[in-house]
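> In terms of my numbering, the sequence shown opens at residue 8 and continues consecutively. Built from N, CA and C at the ideal position, the CB exists for glycine as well. Keep in mind that this is a model prediction, so the values were computed, not measured.
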Amino acid sequence: CHQDTGLIDYDTLESNAMLFRPKIIIAGASAYPRTIDWERFRAICDKVGALLMVDMAHIAGLVATGEHPSPFPYADVVTTTTHKTLRGPRGGMVFAKKELMPAINGAVFPGLQGGPHNHQIGAVAVALREAQSDDFKAYQQQVVKNSIALGDELSKRGYPLVSGGTDNHLLLVDVKGSRHGVDGARAERVLEYCHLTTNKNSIPGDTSAFIPGGLRLGAPALTTRGLVEEDFVQVGEFIDEGIAITRALQDRFNTKKLKDFKATLAAEGAEAIPEIADLRKRVTDFAKSFPIPGYDTTDFE
């Protein structure tokens, strides 16, 4: 990504491809909030005679419903998991041009795998059938709306967003560049105690993947619970409050190393710290108002 914009730098990608002449170029990401230009990737591959492999694991559900451009007209090979935005069981799928399939099939069996997991194949079939429904398309549209709403709320609260926003299901938030100035690792741990599940994530300019400056946030799970835009505004408020608590605890503990921060947090009994306990209760009460299929939310603690 471009250091300043957080966007894929297609010009540099092309220059590097011309220099190194790779046999295959892989397009895809696990923390990229913007639309990927498959056509540009294809053009670069054609210039150097490379195969184009697309990993669409994170955006498969969006691709299935037309909320993200499809890579299939451009790619030689497409891979995806089935348990992210596709909302199916844990698993994966590989698509490829006919001339490549014998090598791929041979690598899968007998090369790497044995007996098929028929129960899993059946579950994938159900997920793929659901992905063809109008309800699933409406769900994916709401995922994007919710992701944008959360990004807007955090941006209003002073959090820089990598690339300036989102076109899809996720956000990459620069917490270190916010007014609180904490790293993603400390924020992730404190938010977890507050029953807010996030993911520390590297952002442009980071020098450590273990103590990065960012958090990765996703909208699909909460959208499945029935949350809409105004609910994600509340989620943004909770996250902001949790990060403010992180800053206060970091100042109180006065620890330089992440391991010492975590150790002090545990030693003080993190769940009993008044600020954390109060936020956790409000988050839990908020979550109870949204259904989980097959689960009684009144049992939440």
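So serine 154 and histidine 176 are supposed to be a Cβ contact under 8 Å. How far apart are they, rounded?
Rounded, the Cβ-Cβ distance is 5 Å, consistent with contact.
> For asparagine 125, count neighbouring Cβ atoms within 10 angstroms of its own Cβ and tell me buried if that reaches 16, exposed if not.
The residue is exposed, with fewer than 16 neighbouring Cβ atoms inside 10 Å.
> So what does valine 88 bridge to, in DSSP terms?
Checking the sequence, you will find threonine at residue 88 rather than valine. DSSP, once it has assigned bridges, lists Gly99 as partnering threonine 88.
> Give me the residue from Asp62, Glu21 and Val70 with the minimum Cα distance to glycine 56.
It is Glu21.
> Got a sec, what are the start and stop residues for the beta strand (DSSP E) lysine 63 sits in?
Note that residue 63 is methionine in the sequence shown here, rather than lysine. Note, methionine 63: premise wrong, no beta strand (DSSP E); not H, not E.
> Between the alpha carbons of aspartate 44 and arginine 196, how many angstroms are there, rounded?
Answer to the nearest angstrom: the Cα atoms are 35 Å apart.
> Quick check: aspartate 83 and leucine 119, are their CB atoms within less than 8 Å of each other?
It is not a contact, given that the beta carbons lie outside the stated cut-off.
> Cβ of alanine 130 within 8 Å of Cβ of glycine 95?
Yes.
> The alpha helix (DSSP H) with glycine 225 in it runs from where to where?
Run containing glycine 225: none in the alpha helix (DSSP H); it sits in the beta strand (DSSP E), 221-225.
> Compute the Euclidean distance between the alpha carbons of aspartate 190 and glycine 122, then round it to the nearest angstrom.
When rounded, the distance between both Cα atoms is 45 Å.
> Looking only at its own chain, which residues have a Cβ that is under 6 Å from the Cβ of tyrosine 17, when we skip the five neighbours before and after it?
So the list reads Arg47, once near-sequence residues are dropped.
> Exposed or buried, alanine 279, counting other C-beta atoms within 10 Å across all chains shown (16 or more means buried)?
Exposed.
> Could you check how far apart the C-beta atoms of valine 169 and isoleucine 250 are, in whole angstroms? I think they sit under 8 Å.
So it is not a contact: roughly 16 Å between Cβ atoms.
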